[in-house]
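Protein chains in written order, with my numbering: chain A, 1 to 1521; chain B, 1 to 474. All residues carry an ideal CB built from backbone N, CA and C; glycine is no exception. See below for the structure under consideration.
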């Protein structure tokens, strides 16, 4: 059946020809009938249950638990001052949700009860409940709750209809508005508050289970300690919506508040925060694993007070991550755990690799690590229970939290400083939370507990250290493992294993050998141009069907290398026990440092048998006749029986191969057994070990662990490496043999850490079982049996096909006539896997673009368009038969189409300047756009035909200056790159020549690092902020966000649209790259067909499609590719590799070596100047070829313009002429009609609004002085809602005078107050910002010149040198200018600084990370990991506590004393800086130091890159001066 | 040697030492020497290891060139030999006689500007040196299948077929009418391109693998084809193309006019020591007709036989010559005189029936045809004679299928080539399911390496037809 026939008739007629409703930049797809039935299976790709959020949050508490109306008001006001951290739905009015959790508003509750005539007992409370609108359903809910409460000894005193004002919510929110009521409950049995609270919990949980079929039943709060109000409204309207909140008797001693930014606009009232205990800003990356483990553990959760085993599921499996976390916290607290303990167990700080952590404290974490994996991901959490109000940050400190304590003993903690207007003279202390820190108010004792105090309380709960000492066995690695191949296989035997497990010569040489020799993964270039595994004609590894999940936008990836201290692969082997019981017996465990086992460790663990630890080895080899599915079920049954008998170690082994038998793929076995044991409630009782020949590269290990394996022993990898070493000629190599296994393991561990960190996960414990993959190419039956819950959207091979594949391998394995497979997955090998850019295609493309002859183009296009189906699009074809063709000249001319064509971002640095410019010239002449890539651009090109219209902003921020930004039509934020999503990059030193160094503000010859995340985008609201900043600096530019396809990208795209982007690019996995680890090229990212369609559908469903130009890229080659992309929903198209080939690139895949013989991907002078022969005309010929081919198809389809093509998936059909295996692939979801936009969506327009007019005012008042270049002096008051103050002025300066030319006649702005984020972002020379007050995150990021000073008000009572005055990530990517601040800065101060000079009085973790230039002076203590990845510039650090040596990263930098003899120039320089600091900020600390400079001098360190000589620093000093 | 990505810039393309022209035309031995291990590693290290290995792609047998270059760079000679033999049963021969400039080296990315990697030289080095050091193909893991196959013709196709059969445990018995194996390799290709000891060594290797040779045995004469069909499980035909194209030129029967093959064969027989006396052309003015590789072989052989002059006549331009540019260059170095745009019309004799001249007409070239080849036309009134004492005709060859073929239902194309792989048959399987054919007699006169390819693939098909699993991909 043709997909088009599923579209309602009416839709077809309305689609034809002239659509008068076309609107917005994107054109418009067909208007599907509103009543189109949503048939299951034809649903399309958007899953509305997927969503991510980010937000603003905070709490206000009175230390002495004294309730007041003021606290409530402060909370509500603070909430409304973080509106910019939330988002608005497509209707422009519905918020994403906000709310407050109010502590024991006793008087309020009793007043209401009185008003309603309810009689309240001495112990009573009120709860807020969402009920179905339907009265019958609502009544059922009320009855159920009443019945359950009665059973637990409580009694409902009455129900109250909560007054609301629906007009305060937007139309979208109103559509789903539930009935909102309050229930008043009395404690009837005379219990204490805790008993009452437990009863409320049990009753509520039972009611929830009984009412699980009722959609709108949601208990917002029903607790003894607090009352919540929340809704889908904008924060400033919350009080309007709930008139209760204005009630004069509403007084409280603590309020927790939260404002949400959801990627989705589907209003889900229940998901507004705070939840019952907490409000969460961030994202739990490991949520799938956490939920899985919660299910597994549910069977043994029993506290002395509550038996949780009756509650299934223990935590919510389908609401938001934050809601599940709240559920788990509630379980722990209700079970009797103390909040301080519960929070630290759920979200522990980094403890495994932090030197100098207190051993008792470490023991506390280690003890609980066995019973609870971290809920890992960016998290700022505010929480309140009956005793505490607290705030905690995750180990990476990826969300900001600033606090202040005033003289009235009120504490405020919030995402931003300045959300309450307390005058400085009333503030007695203020600060920020660091990574892994927690701050609590003990309301019973009236004291503030800082992190160290909480640690002390926790470590004293039990003698954990002693227990562990007695119970833990550490399996240490010997330096050299002599048993790498204690039992080496004979060569013929080894060959058989290699053939059976599909290990090719290529994999042996390019993967295993490199891992064993270099302890790292092999690097490759260009993309993956092989068919998707499910389309391949070859037997491909099962692992190939698994695409790694990666962080983009809503959470950041981590740099596992430079931020090692947060990462851990520690793995414990033991039986889990009851979390609620502290018992020395529960400390018994075996601790190994990673889940990658050596032979020795594997045998040691199996040897535990002798000590009474039961184990069972399940042989994965089965008789072929038995069938794969049955064999899997057999494994599950054996495992279950063994664990029930008390077996601790379940070993899945494919080692015992024999003829006539087939090995079950270890991944299938692990998935099925793990899943089965979880469902049987047995998984926590055992450990799953895997002995397999299938695991060779880091991805393989990640898959096995991600689906539940505890540890893996990769025997075939060891045997193969041993054999490689054995076959080497030189005798000398045998000495090294023994260390190869260790090196290989290190390589795997590094790779594994990278895969974890790609998703923003720090510990393997929380990665285990988290199933962070998308499956592309497995049948439903397989997914259901082994990988339930993992997205798998297009079907693919089932058990029979998988078995047939393995049979094919077995046939060869047992036949001695066959040698090892040559391979061909990474590089083209004749007769091996198909490659889309094979020599024929490359040759034909080059001929076609050289001659420009249409006939040559057709030859090229035929090679591509008629290939064996290799990508999903190859299974689709335009339905020409059903169309009414038009004449070719009725199709819009090519010249009108080129603006939809971009060249993909390729940096100058990756490309030679000649090639980079040729691309720009070609695109400009055509009327398309070229993309600068992330390496900056030579200012000489601005304003000429060599200017790149798209300027990229990537995580390294190389060359991102105000002038760069104002010379763009499009500013593209590269969140992820197709070939290596979730990873940073590295430009090797040999590619950094004078030009590259100049443009990137670096030094020639020194390698440059792009961090994995944008350090100013850890969350969706951060992205909104960056977009805001970019719009400030260049108001005319469109902002584009580049994403990579993966399940859920649609939701992210919707969030990005809400964050204010104009363009979204969804890249496929097959995009190119200059250099990337091979496993990233092969295993991360998905096909663009899925991502594009999902994004198109999601944007439509959220009513956002018309605001966005949607682009796709990834392996596009011909007009037919473009046609299909357009029909699936793309407005615009990006091309990377093909135009390169037109320029002469031969797809050599050696771009990372700088030896490109075609002179394209190299900076080598000879290669560039003598051997680059590309001409812009060739690139133009390429695009002309594509467009002319496309026009031909359009004529056949009867479509006049490109715009009319967009989203017309009805014009595509599924090819019927493919083989049986490919017929199992189900692409109907791609062709399903996209969902209808919500009726309430309003006209296109910007979603975010400024709350007042500071920017227009600044421009109007200061602008003329800039235009005139005359300078001037102005004053303003600022608040935290004023963001990117000064940036618009810098934009104007850059446009008129460039980066620095106005420095001689500066504009001076005197500002006072708590300024919002991005203060002075992209500051240009000639702008001086002097702030009295405090600033938030991102001060001076991208600064190129000028001056920023921040000082506390003169009457401040807090001590400046101990108080936070700047937020996180200041001076990120700065290239020049100065920043002086009299106070401390947050995390990642001066990250990627490449030119700014700065002085602060203290800094958080990761200061000077990736720095390449400039001078950073810290007159106080720094956090951990100072100077990681720092390759340039230098720093002065005043080390009063002599702890700096433990806090800096030793890899690239060294420390020097500044002595009078040797470093006179530095001494003078430092004193000069301090003097300037004193003058500019009035710093008392600076004055003290200057007063006793000789006394302080020995306490200063001069920190510099090891590679830099002291002389060169002095040179840099002079330049800086 | 350590990998240096820029090595191709710092180390130039360098062939093994070449015997100077003056010496080489005297001794008639191979003109290229051999690399030493260091030299081979140095040249191998120039390989860029392209993502698209154009060399391998262009190579008719798709040798794993970058992979064995890497092994040579690392000094792992025996592994390189092993890998080289996976795709090519006769690598040391292809290393010598392949027109690399048109194949692997022509496709080499470095060929455009930098000088291609010396793939042929290294290929030759690998097997020559490995064999000299005692390496032999390891067939110890091969299980005997009990099947036996007759291979008719010990030329490149037959030898390749026999090798691959042996590797699958199939006994190959090779029949050839000549007293030594090699076919054209031995009797056609002159010793200065391929030393006869190389072929002898290969014979040893093959015999060591269990291949049996029955030489001096002409099928249809010394043994009947029917007998072979009875005795063996399958038969492979690799008879080559031996019918010379003569263009119907008048004067072919004159004394002193020789078709290329018999001329070259005589030379080969001497080199093998079968004939005691070397053929000589001392003082003669030799004219060679044709522009292909065979013509070049004739030219250069004539020089070595002491000819006073050697002229090569070709009807089109130098650019249009079908032979390898490299061969043309060598011939010119050695003193061959090329005459272009001359179309022979007749060979003229004297009163004794001895050749005295070639009558030619001048041509001019027109536009290119659909295949990109320029057509020529004769120029009126441009006839002239070119004096000659000896004329070699090298216009090409066509198959000369033996008459016994037809009896067994093997079908031919109109041009005499054997039809294979038709109507659902296996590759290289003829209309008779038990008979397979490959090499020049199937595709027409072509390169040695294509014959090797066909022999290799035919052996896989034979194995499949016999229920023996085919070799690994290649």
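For the alpha helix (DSSP H) that contains residue i, what are its first and last residues?
i              : result
residue 842/A  : 839-851
residue 1444/A : 1444-1447
residue 108/B  : First-last for residue 108/B: undefined, no H or E at that position.
residue 503/B  : This structure does not reach residue 503/B, given that chain B is present from 1 up to 474, and the question cannot be answered.
Keeping to the same chain, check which residues put their C-beta closer than 8 Å to that of residue i; ignore five residues upstream and five downstream.
i              : result
residue 340/A  : 388, 390, 438, 440, 449, 454, 457, 458
residue 1270/A : 1305
Can you name the residues that DSSP bridges to residue i?
i              : result
residue 897/A  : The partner list for residue 897/A (beta bridge, DSSP) is empty, contrary to what the question assumes.
residue 159/A  : 183/A
residue 53/A   : 262/A
residue 1077/A : 523/A
Leaving aside the five residues before and after residue i along the sequence, list all residues of the same chain whose C-beta is less than 6 Å from its C-beta, in chain order.
i             : result
residue 260/B : 294, 298, 392, 394
residue 2/A   : Note that residue 2/A has pLDDT 36, beneath the 50 cutoff, so the model's placement of it is unreliable and the number below is only indicative. Only 1213 meet the Cβ criterion.
residue 252/B : 246
Starting from residue i, trace the beta strand (DSSP E) both ways and give me its first and last residue.
i              : result
residue 1310/A : 1307-1314
residue 1397/A : 1394-1400
residue 221/A  : 218-222
residue 391/A  : 388-393
With a CB to CB cut of under 7 Å and the five nearest residues on each side skipped, what residues in its chain are close to residue i?
i            : result
residue 40/A : Only weak support exists for where residue 40/A lies, its pLDDT of 40 falling under 50; the coordinates are left without a value.
> Can you list, in chain order, the residues of the stretch 62-91 of chain B whose Cβ is nearer than 7 Å to any Cβ on chain A?
Replying inline: 62, 64, 75, 76, 79, 86
> Between the stretch 161-173 of chain B and chain A, which residues of the former have CB atoms less than 8 Å from a CB of the latter, in chain order?
Replying inline: 167, 168, 169
> Enumerated in chain order, which unbroken segments of the beta strand (DSSP E) with a length of 3 residues or greater are wholly contained in the stretch 293-381 of chain B?
Replying inline: 309-313, 337-339, 342-349, 355-368, 374-378
> Curious, which full-length beta strand (DSSP E) runs of at least 3 residues does the stretch 538-612 of chain A contain?
Replying inline: 546-548, 571-573, 589-592
> Any residues in the stretch 1121-1149 of chain A with a beta carbon nearer than 8 Å to a beta carbon of chain B? Which ones, in chain order?
Replying inline: 1146, 1147, 1148, 1149
>> Using a Cβ-Cβ cutoff of 9 Å, what residues of the stretch 183-211 of chain B are near chain A? List them in chain order.
In response: none
> Where are the alpha helix (DSSP H) runs, 4 residues long or more, that stay fully inside the stretch 1426-1482 of chain A, in chain order?
Replying inline: 1444-1447, 1464-1481
> Could you give the uninterrupted runs of the alpha helix (DSSP H) lying entirely in the stretch 1132-1201 of chain A, keeping only those of 4 residues or more?
Replying inline: 1137-1142, 1165-1171, 1176-1197
>> Using a Cβ-Cβ cutoff of 8 Å, what residues of the stretch 124-144 of chain B are near chain A? List them in chain order.
In response: 141, 142, 143
> Along the chain, which unbroken stretches of the alpha helix (DSSP H) at least 4 residues long are found entirely within the stretch 68-122 of chain A?
Replying inline: 69-80, 106-116
> Name the residues in the stretch 5-18 of chain B whose C-beta lies less than 8 Å from a C-beta of chain A; which are they?
Replying inline: 5, 6, 8, 9
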